[in-house]
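Participant: Add 1358 to a position in the sequence shown, counting from 1, and you land on the number used in the numbering used here. Where is the CB? At the ideal position from N, CA and C, for every residue including glycine. On a predicted model such as this, the values are computed, not experimentally measured, just so you know. Sharing a structure here in structure tokens format.
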Amino acid sequence: MSIRHLDHLFAPRSVAVVGVSAREGNLGAIVLRNLLQGDFAGPIWAVDRQAGKVEGIDIVAGVEALPGVPDLAVVCTPPAAVPGIVEALGRKGTRAAVVITAGLKQASPDGERTLEQAMLDAARPHLLRVLGPNCIGELVPGAGLNASFAPANAHPGRLAFLTQSGALATAMLDWANGQDIGFSHFVSLGDSADVDFGDVLDYLAVEPGTGAILMYMESVKHARKFMSAARAAARNKPVIVVKAGRAPEGARAAASHTGALAGSDAVFDAAVRRAGMLRVDTLEGLFDAAQTLAHQKAWVGERLAIVTNGGGAGVLAADALALAQGGLAQLSAQTSQALEACLPPGWSHGNPIDIVGDAPVQRYRDALQVLLAAPEVDGVLFLHAPTAIVPPAAIAEGCLPLVKAAGKPVLSCWLGGPIVQAAQRIFGAAGLPCYASPERAVDAWMQLVHYHRHQAALLELPSAQAPEVRPDRAASQRALDEALASGHEWLDAAQAMDVLRAYGIPVIPTRKVRDAEEAVSAAMDLGFPVALKIVAPQIVHKSEAGGVALNLDSPDAVRTACVLMRQHVARASPHARVQGFTVQPMAHPRSDGHELILGIATDPVFGPVILFGIGGTGVEVRKDTAMELPPMNARLATDMVARTRVGALLAGYRDRPGVNHQALVDAMLRVSQLAADLPALVELDINPLVADADGVLALDARIRVRRPDAAQDARLALRPYPATLEDQVDIGAVRLQVRPIRPEDGARLASFYAAADPRSMRLRFFHSRREVPHSELARYCQIDYDRDMTFIALDGDRMVGEVRAVCDPDNEKAEFAIHVAQDWQHRGLGRRLLDKLVAYLRTRGTSELVGQCLEENVAMAALARRAGFKVAAVPDGLVVLRLPLTGRTWWEGGAAQV
């Protein structure tokens, strides 16, 4: 990921258009015209093979003839010319280009690469960034920049819109102009050969003129890069996405239940949720969500009150809310009494609150005041259908002060056409979201609900440390290696059970045998009754091929089943090579157990995903599953269970006891660890996983393997906890554990800060503070190990020190902070932590470590000097700390605090 030189792309001081001629319909001339018609303040140059004149601008012959170095170039030439032009621009000193030209997937003249690759090879030595190719360009209305061939300019605003579709971009721009929707950036990414969603998200995340980021996506190229940037951006501002391609085409070829259920679109949903973004279904929903989130009030909760002057509109809204699995607020007795006092006898006496069609302005105000004050109401949907009694504009003006001052979200729906337009304008001018129908208003409310659920997940601090999973990874790896060496795609049932057992997942005893007599012997050892299952690499779903026999209660029953099973399999699957059978004891004691499925699938983009839901042979038909990206913690596992319908049953009902929730979560975390540890494991089916009050038990499992073609954790969209960085240090006679921070460390970190004296906190945070808020603790604990690192020192269970670094997306500079508990200062712990951080950053190739401290923090400055930092005072009572690590470095000002 990189934001290097994106300032040249999105905030250039000069622009050159390459490929401009006076020919009718020339693309370069159209782009030049758009640039000239904007308010761009810098120089605009035109380039072609021959000198000339167009639009009153002189055309220079070749890039070398430009009178200056353009910050940005827009390339509109035929495909074959693009690599050479990019090379010339790089030599000239240009550091960003928009390549509008299409057709760069064709072979270059050397026949060894595509024109696109040749373009990238030409750009790389000069660090020249490329937007496109095959795009319509970019618009930055606030800077007067229209470097595109769009048919119109964009209005300025605070929404950024990113799209992979050029055709959609032009249509969306025309629609947005008709709706008076403005943009901070309007960017067509095209083929994203260089600059992609991840890069632009990183740039816009901290761009002050952008209030929300909207994206139309068709595909993701680099999952980890995208997830890292999306999570960082979503912490700062709303990120809303609509994605094409919902049909699960990739699932058709899946061989296991897990693979069939984990369609790519469902995996994308899981990625959006994990990143804290919001996904909507339509482009209209994209802008509705932007409007709603841009003007949202403080979020209280999900309980909605609907107030309306028409019963039908209220019923439509309530129906839409129920279908979307939203929640109506249950009015308290106190709220009902307050409404009774201000509403006529014919009011609805419930939620939706129908205040009757003849309502004057004051009745609206009274009802709103009651609902806005009601503690059981988290938000209000205000519906109005026009009547001849009171003009809608008068109602809007009367209610506006209440709605603007509300401490909770208020959404409005003005039903009708021209009659309600004045009311819509009054609310709209005040920045209050308005919707044309009850259903769209409810959709907007549910967008708020889902957005805040995803944001809460970003800020979630698990309440307790999860039990550490310490598996016998070597034993599991041997089973996978044996299958790969023998050319088998699937482990047999006994091998699969061995892998689960090595990771501490309870499994039913399983014996692999070669023939009927060995099966009888195994059954006698295990105890009757038993289950017999075929072992044949070509058969994945054994029951469908007649390869399963249950409740065999004698040696003769086992012998007979072996013979019949071979006959059934020979008829159903004549291609299958039967290698033997597995024998398992029947699990009758778990008569109250629930059959579940727990597994791993591998998505071609996002890598391994964990799947959980109702199990059995009909899992594809029931489709009651949830998915999550590994690595997972206990909170994420619990949320997965809650997202399924079977999750409600697992809590217990009638005389059926609930399952052992902790045992279920523990099994899910162990499967998550499997996904992270074993690159060769591409599919896992535990089906059924039986869960009851006593725990969980895997009755059957399938594991699919494939020789890995990537580094161990590079397959994962989210980098897992780097356990290899754990260490121990001796400080005097005390041995401390030093390790990367985990999300589960939230309470430990809060206690660490709470125990600090006021002076230490002021030196750490540059201002006096009594406590660190939950949202800040979440950011400190839920770090992205791909770009951040925090090492903590533990004396037993107590945190006694921390050192943290935040790297920029280009890995050029890391800003650091360090804090040591009062009773551990001046004992050498700070130096040990700083040395560990420096060593880690050197291994990841970071160029420079920087920080700041207050002038009075002489101990920090002394520590930095001893560690080799350059220490220099700057204005405002600060001291800059700088340590070159590797390669070329420079100081650009630091924001980290020590």
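Would you report the Cα separation of Thr1983 and Arg2001, rounded to the nearest angstrom?
Facilitator: Here residue 1983 corresponds to residue number 625 of the sequence shown, with the count starting at 1. Here residue 2001 corresponds to residue number 643 of the sequence shown, with the count starting at 1. Going by the C-alpha atoms only, they are around 8 angstroms apart.
Participant: Between which two residues does the beta strand (DSSP E) holding Trp1705 run?
Facilitator: On the sequence shown, residue 1705 is found 347 positions in, with the first residue counted as 1. No beta strand (DSSP E) holds Trp1705; DSSP gives it neither H nor E.
Participant: Among Trp1657, Val1597, Thr1666 and Ala1671, which one has its Cα closest to the Cα of Arg1637?
Facilitator: On the sequence shown, residue 1637 is found 279 positions in, with the first residue counted as 1. Among Trp1657, Val1597, Thr1666 and Ala1671, the Cα nearest to that of Arg1637 is on Val1597.
Participant: By the DSSP assignment, the alpha helix (DSSP H) with His1812 in it spans what residues?
Facilitator: Against the sequence shown, residue 1812 aligns to sequence position 454. Start and end: Pro1796 to Leu1816.
Participant: Which whole-angstrom value is the C-beta distance of Val1564 and Asn1594, which I expect to be below 8 angstroms?
Facilitator: Position 206 of the sequence shown holds residue 1564. Position 236 of the sequence shown holds residue 1594. With a Cβ gap of about 7 angstroms, Val1564 and Asn1594 count as contacting.
Participant: Enumerate in chain order the residues of its own chain whose CB-to-CB distance from Leu2007 is below 7 angstroms, with the five nearest sequence positions on each side excluded.
Facilitator: Position 649 of the sequence shown, counting from 1, holds the residue named residue 2007. Excluding residues within five positions, the ones whose Cβ falls inside 7 angstroms are His1952.
Participant: Within 10 angstroms of its Cβ, does Gly1524 collect 16 or more other Cβ (buried), or is it exposed?
Facilitator: Reading the sequence shown from its first residue, position 166 is the one you call residue 1524. Buried: at least 16 other Cβ atoms inside 10 Å.
Participant: Whether or not the stretch 1833-1853 and the stretch 2046-2055 are in contact is what I'm after, with contact meaning three or more pairs of Cβ atoms, one per stretch, closer than 8 angstroms; do they touch?
Facilitator: Too few Cβ pairs lie closer than 8 angstroms, so no.
Participant: Pull up the distance between the alpha-carbon of Arg1993 and that of Leu1817, whole angstroms please.
Facilitator: As a first step, residue 1993 is located in the sequence shown; it is residue number 635 there, counting from the start. As a first step, residue 1817 is located in the sequence shown; it is residue number 459 there, counting from the start. Cα to Cα, the separation comes out at about 11 angstroms.
Participant: Around the C-beta of Val1405, are 16 or more other C-beta atoms found within 10 angstroms, so that it is buried, or is it exposed?
Facilitator: As a first step, residue 1405 is located in the sequence shown; it is residue number 47 there, counting from the start. Val1405 should be labelled buried.
Participant: Taking only three categories from DSSP, how would you classify Ile1955?
Facilitator: The residue given as residue 1955 occupies position 597 in the sequence shown. Strand.
Participant: Considering only residues of the same chain and omitting the five flanking positions on each side of Met2119, which have a CB-CB separation below 6 angstroms?
Facilitator: In the sequence shown, residue 2119 corresponds to position 761, counting from 1. Arg2127, listed in sequence order.
Participant: For Trp1657, which three-state DSSP category applies?
Facilitator: Translated into the one-based positions of the sequence shown, residue 1657 becomes position 299. Three-state DSSP puts Trp1657 in coil, outside helix and strand.
Participant: Can you give me the Cβ contacts of Arg2329 inside the same chain, cut-off strictly under 8 angstroms, excluding the 5 residues immediately before and after it?
Facilitator: Because the chain here runs from 1359 to 2256, residue 2329 falls outside it and cannot be looked at.
Participant: Please list, in chain order, all residues of the same chain as Tyr2111 whose beta carbon is under 6 angstroms from its beta carbon, the five residues on each side excluded.
Facilitator: Position 753 of the sequence shown holds residue 2111. Excluding positions up to five away in sequence, the list reads Val2130.
Participant: With a threshold of 7 angstroms on Cβ separation, who are the neighbours of Ala1611 within its own chain once the five nearest residues in sequence on each side are excluded?
Facilitator: To locate residue 1611, count along the sequence shown from 1; it is residue 253. The predicted position of Ala1611 is uncertain, since its pLDDT is 41 and thus under 50; a value taken from the coordinates is nonetheless stated next. If we look at Ala1611 and ignore the five residues flanking it on each side, it has no Cβ neighbours.
Participant: Is the stretch 1484-1493 touching the stretch 1379-1387 in the sense that three or more CB pairs, one from each, lie closer than 8 angstroms?
Facilitator: Result no; under three Cβ-Cβ pairs closer than 8 angstroms.
Participant: Does the pairing of the stretch 1652-1666 with the stretch 1788-1805 give three or more beta-carbon distances under 8 angstroms?
Facilitator: Contact holds: three or more Cβ-Cβ distances are below 8 angstroms.
Participant: What span of residues does the alpha helix (DSSP H) with Arg1585 cover, start to end?
Facilitator: Here residue 1585 refers to the residue found at position 227 of the sequence shown. Per the sequence shown, residue 1585 should be read as Met rather than Arg. Residues Ala1581 to Ala1592.
Participant: In angstroms with no decimal places, state the Cα-to-Cα distance between Glu1422 and Gly1442.
Facilitator: In the sequence shown, residue 1422 corresponds to position 64, counting from 1. In the sequence shown, residue 1442 corresponds to position 84, counting from 1. Rounded to the nearest angstrom, the two C-alpha atoms are 12 angstroms apart.
Participant: Quick one: what's got a C-beta closer than 7 angstroms to Gly1891's C-beta in the same chain, skipping five residues either side?
Facilitator: If you number the sequence shown from 1, residue 1891 lands on position 533. One detail in the question is off: residue 1891 reads as Lys in this sequence, not Gly. Ala1851, Lys1900, Gly1905, Val1906, Phe1939 and Thr1940, listed in sequence order.
Participant: Among Asn2045, Arg2065, Gly2159 and Ala2072, whose alpha-carbon lies nearest the alpha-carbon of Ile2099?
Facilitator: For the purposes of this step, residue 2099 is taken as residue 741 along the sequence shown, with counting starting at 1. Comparing Cα positions, the closest option is Gly2159.
Participant: How should Thr1975 be labelled, buried or exposed, when 16 other C-beta atoms within 10 angstroms of its C-beta is the threshold for buried?
Facilitator: Here residue 1975 is taken as the residue at index 617 of the sequence shown, counted from 1. Thr1975 is exposed by the Cβ-count criterion.
Participant: Please give me, in chain order, every unbroken run of the alpha helix (DSSP H) with length at least 4 that falls completely inside the stretch 2005-2093.
Facilitator: Here the runs fully enclosed are 2019-2035.
Participant: Straight-line CA distance for Gln1688 to His1926?
Facilitator: In the sequence shown, counting from the first residue as 1, residue 1688 sits at position 330. In the sequence shown, counting from the first residue as 1, residue 1926 sits at position 568. If you take the alpha carbons of Gln1688 and His1926, they lie about 59 angstroms apart.
Participant: How would you call Leu2191, buried or exposed, if buried means at least 16 neighbouring beta carbons within 10 angstroms?
Facilitator: As a position in the sequence shown, residue 2191 is number 833, starting the count at 1. The residue is buried, with at least 16 neighbouring Cβ atoms inside 10 Å.
Participant: Can you tell me which of the three DSSP states His1484 falls into?
Facilitator: For the purposes of this step, residue 1484 is identified with residue 126 of the sequence shown, where counting begins at 1. If DSSP states are grouped into helix, strand and coil, His1484 belongs with the helices.
Participant: What is the rounded straight-line gap between the Cα of Asp1557 and the Cα of His1808?
Facilitator: The residue given as residue 1557 occupies position 199 in the sequence shown. The residue given as residue 1808 occupies position 450 in the sequence shown. Roughly 25 angstroms between the two C-alpha positions.
Participant: Looking at the structure shown, is Glu1986 part of a helix, part of a strand, or coil, going by DSSP?
Facilitator: Locating residue 1986 in the sequence shown gives position 628, where the first residue counts as 1. Looking at Glu1986 - three-state DSSP - the assignment turns out to be strand.
Participant: Using a threshold of 9 angstroms, state whether the C-beta atoms of Leu1497 and Phe1555 are closer than that.
Facilitator: In the sequence shown, residue 1497 corresponds to position 139, counting from 1. In the sequence shown, residue 1555 corresponds to position 197, counting from 1. No, the Cβ-Cβ distance between Leu1497 and Phe1555 is not below 9 angstroms.
Participant: Express the C-alpha separation of Asn1535 and Gln2031 in angstroms, rounding to a whole number.
Facilitator: In the sequence shown, the residue the question calls residue 2031 occupies position 673. In the sequence shown, the residue the question calls residue 1535 occupies position 177. Going from the Cα of Gln2031 to the Cα of Asn1535 covers about 49 angstroms.
Participant: Quick check on the DSSP output: what are the complete alpha helix (DSSP H) runs of length 4 or more inside the stretch 2198-2251, in order along the chain?
Facilitator: DSSP runs (the alpha helix (DSSP H)) wholly in the stretch 2198-2251: 2216-2224.
Participant: Buried or exposed, going by whether 16 or more other CB atoms sit within 10 Å of the CB of Gly1377?
Facilitator: Position 19 of the sequence shown, counted from the start, is the residue given in the question as residue 1377. Buried, since its Cβ has 16 or more Cβ neighbours within 10 Å.
Participant: Using only alpha-carbon positions, find the residue among Gly1971, Ala1725, Ile1747 and Leu1394 that is nearest to Glu1413.
Facilitator: In the sequence shown, residue 1413 corresponds to position 55, counting from 1. If we check each option's Cα against that of Glu1413, Leu1394 comes out closest.
Participant: Would you identify the three-state DSSP class for His1543, choosing helix, strand or coil?
Facilitator: Position 185 of the sequence shown, counted from the start, is the residue given in the question as residue 1543. His1543 falls in the strand class under three-state DSSP.
Participant: Quick one: Cα of Gln1522 to Cα of Tyr1574, how far?
Facilitator: Here residue 1522 refers to the residue found at position 164 when the sequence shown is read from its first residue. Here residue 1574 refers to the residue found at position 216 when the sequence shown is read from its first residue. Their backbone Cα atoms lie some 7 angstroms apart in a straight line.
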